[in-house]
Amino acid sequence: MNKSTILLSVSLLFFSACQKQQKQEQSQTPNIVIVYLDDLGYGDMGAYGATELKTPNFDRLAEGGVRFTTGYASSATCTPSRYALLTGEYPWRNESAKILPGSAPLIIDTAKMTIPKMLKEKGYHTGIVGKWHLGLGIGDVDWNQRVSPGPNEVGFDYAYIMAATQDRTPTVYLENGYVVGLEKDDPLLVSYQKNFEGEPTGLDNPELLKMRWHHGHNNSIHNGIPRIGYQKGGEAAMWVDEDMADDFLEIALQYIREQKDNPFFLYYALQQPHVPRTPHPRFVGSSGMGPRGDVIVEADWCVGELVKTLEEEDLLENTLIVFSSDNGPVLNDGYYDDAVEKLGDHKPWGPLRGGKYSLFEAGTRVPFVAYWKGKIEPSVSDAMVSQLDLFSSLAQLVGSEKQGPDSHELLDVFLGKSNQGREELILEATSRTALRKGDWAMIPPYNGPAVNKMVNIELGNSNDFLLYNLKNDIGQQKNLAQSEPEKLQEMIETFQRIRGKEFQNIEQLELK
Ligand code: NG6
Ligand code: CA
Numbered sequence: 014m015n016k017s018t019i020l021l022s023v024s025l026l027f028f029s030a031c032q033k034q035q036k037q038e039q040s041q042t043p044n045i046v047i048v049y050l051d052d053l054g055y056g057d058m059g060a061y062g063a064t065e066l067k068t069p070n071f072d073r074l075a076e077g078g079v080r081f082t083t084g085y086a087s088s089a090t091c092t093p094s095r096y097a098l099l100t101g102e103y104p105w106r107n108e109s110a111k112i113l114p115g116s117a118p119l120i121i122d123t124a125k126m127t128i129p130k131m132l133k134e135k136g137y138h139t140g141i142v143g144k145w146h147l148g149l150g151i152g153d154v155d156w157n158q159r160v161s162p163g164p165n166e167v168g169f170d171y172a173y174i175m176a177a178t179q180d181r182t183p184t185v186y187l188e189n190g191y192v193v194g195l196e197k198d199d200p201l202l203v204s205y206q207k208n209f210e211g212e213p214t215g216l217d218n219p220e221l222l223k224m225r226w227h228h229g230h231n232n233s234i235h236n237g238i239p240r241i242g243y244q245k246g247g248e249a250a251m252w253v254d255e256d257m258a259d260d261f262l263e264i265a266l267q268y269i270r271e272q273k274d275n276p277f278f279l280y281y282a283l284q285q286p287h288v289p290r291t292p293h294p295r296f297v298g299s300s301g302m303g304p305r306g307d308v309i310v311e312a313d314w315c316v317g318e319l320v321k322t323l324e325e326e327d328l329l330e331n332t333l334i335v336f337s338s339d340n341g342p343v344l345n346d347g348y349y350d351d352a353v354e355k356l357g358d359h360k361p362w363g364p365l366r367g368g369k370y371s372l373f374e375a376g377t378r379v380p381f382v383a384y385w386k387g388k389i390e391p392s393v394s395d396a397m398v399s400q401l402d403l404f405s406s407l408a409q410l411v412g413s414e415k416q417g418p419d420s421h422e423l424l425d426v427f428l429g430k431s432n433q434g435r436e437e438l439i440l441e442a443t444s445r446t447a448l449r450k451g452d453w454a455m456i457p458p459y460n461g462p463a464v465n466k467m468v469n470i471e472l473g474n475s476n477d478f479l480l481y482n483l484k485n486d487i488g489q490q491k492n493l494a495q496s497e498p499e500k501l502q503e504m505i506e507t508f509q510r511i512r513g514k515e516f517q518n519i520e521q522l523e524l525k
């Protein structure tokens with residue numbers, strides 16, 4: 014061996030050692046993408062049993078990763094679920110964590126630890142693209158200035174969002190606090206109290222509507238669609254509903270391409286299949302189920318594009334993708350859009366009872382998948398996991414000491430290496446709470462209608478305790494509260510321990 018060969022082999026050795034080290038470092042800070050659907054039900058994708066609706070791209074993640082059969086959103090509505098996801102704290106600990114109007118102030122304390130803040134500390138670039146719905150500003154927002162605090166102030170380096178929901182004003186996007194495309198001489202005004210003089214509304218101007226409202230949703234009209242809340246001005250900034258999926262996708266892909274050389278966290282919060290359901294024309298008719306099915310097909314395509322881009326950028330093996338939904342499904346959520354009429358044999362709730370707004374399982378049990386090519390072996394897990402647990406589990410992954418207040422460290426469960434999920438979990442639906450523990454579900458008595466007649470969903474309100482053994486009764490058909498008094502007692506005690514003092518008196522309720 015001559016000198017130069019020795020030098021070459023030494024430097025080759027050094028090079029491969031460096032590469033190895035780099036890989037190891039990389040493996041602790043993989044990119045993290047949370048794909049979060051809005052109102053996608055447990056039965057709304059092929060991998061969870063849908064046969065009438067085709068979702069090949071959702072299914073690719075579910076079948077190539079850990080597919081959780083018992084994964085939960087923290088709430089049966091959006092704002093509380095999103096609050097819990099980002100903070101690792103039960104939403105009922107924060108009384109502002111309720112469905113918010115588009116004008117609501119930010120409900121995450123800017124001093125609070127969040128997933129994006131925790132990841133930033135570990136060197137991540139953090140971004141959110143899509144639905145926010147956690148409030149902006151401190152009240153009385155001036156949409157013509159930078160709107161803050163918001164996502165940037167709770168940990169996101171980059172934010173491209175809609176403020177609340179697609180059915181609420183303002184119908185504009187905000188990029189890092191600024192309304193996108195706003196023109197100085199046409200200021201944007203928003204109110205949830207009263208209409209602006211001379212502005213048409215869904216209530217008074219049905220002739221202007223291309224989508225009719227069924228309940229609520231009769232305030233300001235944009236794009237022929239009546240919304241919740243009033244607005245005026247800001248014309249140039251208004252989104253085109255049918256382009257929203259493409260708009261968010263484009264920004265998300267751009268974000269990935271820009272951040273590909275450093276660890277990044279992307280919270281990609283799609284708006285589908287929440288109302289108003291406005292598929293791009295190329296997806297109209299694609300499902301045969303009307304707009305609700307069509308926007309699920311559209312969202313599925315978006316997720317396919319996202320994965321394709323990660324693949325093209327050679328990032329897929331270094332990216333953990335978590336896929337889930339913020340709450341269960343609803344058909345008629347306030348507009349006439351054929352969701353009920355064209356459903357056919359499709360069951361958005363799968364084998365579960367209830368839906369969005371419900372304390373029954375379909376309110377919060379949602380599709381939940383962890384996918385990491387080459388790292389996570391495909392499997393189906395029955396471990397109980399909650400979106401709450403992502404905070405502490407991701408912290409474990411990146412080597413952070415931080416923990417969410419109610420978040421469990423379940424990294425091995427998310428990586429498919431363990432089946433030991435949580436033992437117990439409080440579920441929330443429109444400010445009511447229930448307990449899941451082991452195989453059991455317990456719903457305390459609540460006043461109120463058994464069924465929300467507008468959306469036609471059973472809410473879980475009852476004069477009696479409801480107790481179900483989900484192991485052999487996943488559809489919650491047989492109330493065992495009377496026949497299993499000891500189990501009921503145990504569930505009540507656990508519920509009271511977690512929920513605290515104000516729930517002590519439920520014991521007095523008829524334990525007949
Ligand atoms: C409800 C709306 C519903 C939807 C929901 C929020 C009415 C009558 N209903 O108040 O259409 O917007 O709020 O959905 O206004 S969520 O997924 O963001 O929680
Ligand atoms: Ca939702």
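Take the sequence shown: its letter number 486 is residue 499 in the working numbering, and every next letter is one higher.
Glycine included, every Cβ here is placed at the ideal spot set by N, Cα and C.
Contacting residues, own chain, Cβ-Cβ under 6 Å from residue i (five flanking each side not counted)
i              : result
threonine 82   : Asp395
proline 200    : Asn157, Gly246
methionine 580 : The structure shown does not extend to residue 580, since the chain spans only 14 to 525, so no value can be given for it.
serine 161     : Gly190
glycine 429    : Val79, Ile389, Glu390, Ser392
threonine 90   : Ile112, Asn340
glycine 387    : Glu330
aspartate 402  : Ser420, His421, Leu423
Sub-7 Å separation of residue i and residue j beta-carbons
i                 : j              : result
threonine 100     : threonine 127  : yes
tyrosine 243      : asparagine 208 : yes
alanine 352       : tryptophan 362 : no
arginine 445      : leucine 501    : no
glycine 138       : asparagine 275 : In the sequence under discussion, the amino acid at residue 138 is histidine, which differs from the glycine named in the question. It is a contact, given that the beta carbons lie within the stated cut-off.
glutamine 409     : glutamate 422  : yes
arginine 290      : valine 308     : yes
glycine 148       : proline 118    : yes
methionine 224    : histidine 235  : no
asparagine 482    : proline 458    : no
phenylalanine 169 : proline 129    : yes
valine 398        : glycine 84     : yes
proline 104       : serine 88      : yes
isoleucine 47     : valine 335     : yes
methionine 131    : serine 413     : yes
leucine 440       : threonine 377  : yes
tryptophan 385    : leucine 328    : no
For residue i, three-class secondary structure by DSSP
i              : result
glutamate 390  : coil
asparagine 44  : strand
valine 316     : helix
leucine 195    : coil
glutamine 35   : Bear in mind that the predicted position of glutamine 35 carries a pLDDT of just 48, short of 50, making it too unreliable to give a figure here.
tryptophan 385 : coil
leucine 480    : strand
arginine 95    : helix
arginine 225   : coil
Residue burial classification, residue i (beta-carbon count within 10 angstroms, cutoff 16)
i              : result
aspartate 153  : exposed
isoleucine 151 : exposed
asparagine 460 : exposed
aspartate 254  : buried
tyrosine 281   : buried
histidine 228  : exposed
glutamine 285  : buried
asparagine 465 : buried
lysine 197     : exposed
proline 471    : According to the sequence provided, residue 471 is glutamate. The question's proline does not apply to it. Under this definition glutamate 471 is a buried residue.
arginine 366   : buried
glycine 143    : buried
lysine 36      : Reliability fails at lysine 36, whose pLDDT of 40 lies under 50, so the model's placement of it is uncertain and the value that follows must be treated cautiously. So lysine 36 ends up on the exposed side.
alanine 60     : buried
Counterpart residues of residue i in DSSP-defined beta bridges
i                 : result
phenylalanine 373 : Answer by DSSP bridge pairing: none, since phenylalanine 373 is not bridged.
leucine 201       : Answer by DSSP bridge pairing: none, since leucine 201 is not bridged.
tyrosine 173      : Val142, Glu188
leucine 438       : Arg449
threonine 214     : Ser233
proline 239       : Ile234
arginine 295      : Beta-bridge pairing links arginine 295 to no other residue.
phenylalanine 277 : His138
Cβ neighbours of residue i in the same chain (closer than 7 Å, five flanking residues each side left out)
i             : result
glycine 136   : Thr42, Pro276
glutamate 102 : Gly417, Pro418, Asp419
Residues of its chain near residue i, where Cβ-Cβ distance is below 8 Å and the 5 sequence neighbours each way are ignored
i              : result
isoleucine 519 : Pro457, Pro458, Ile505, Phe508, Gln509
serine 299     : Pro292, Gly306, Asp307, Val310, Glu311
tryptophan 226 : Gly215, Pro239, Gly347, Tyr348, Tyr349
Mind listing which residues have their beta carbon within less than 7 Å of any non-hydrogen atom of ligand 3? Chain order is fine. As for ligand 3, it is missing from this structure, which binds only ligand 1 and ligand 2.
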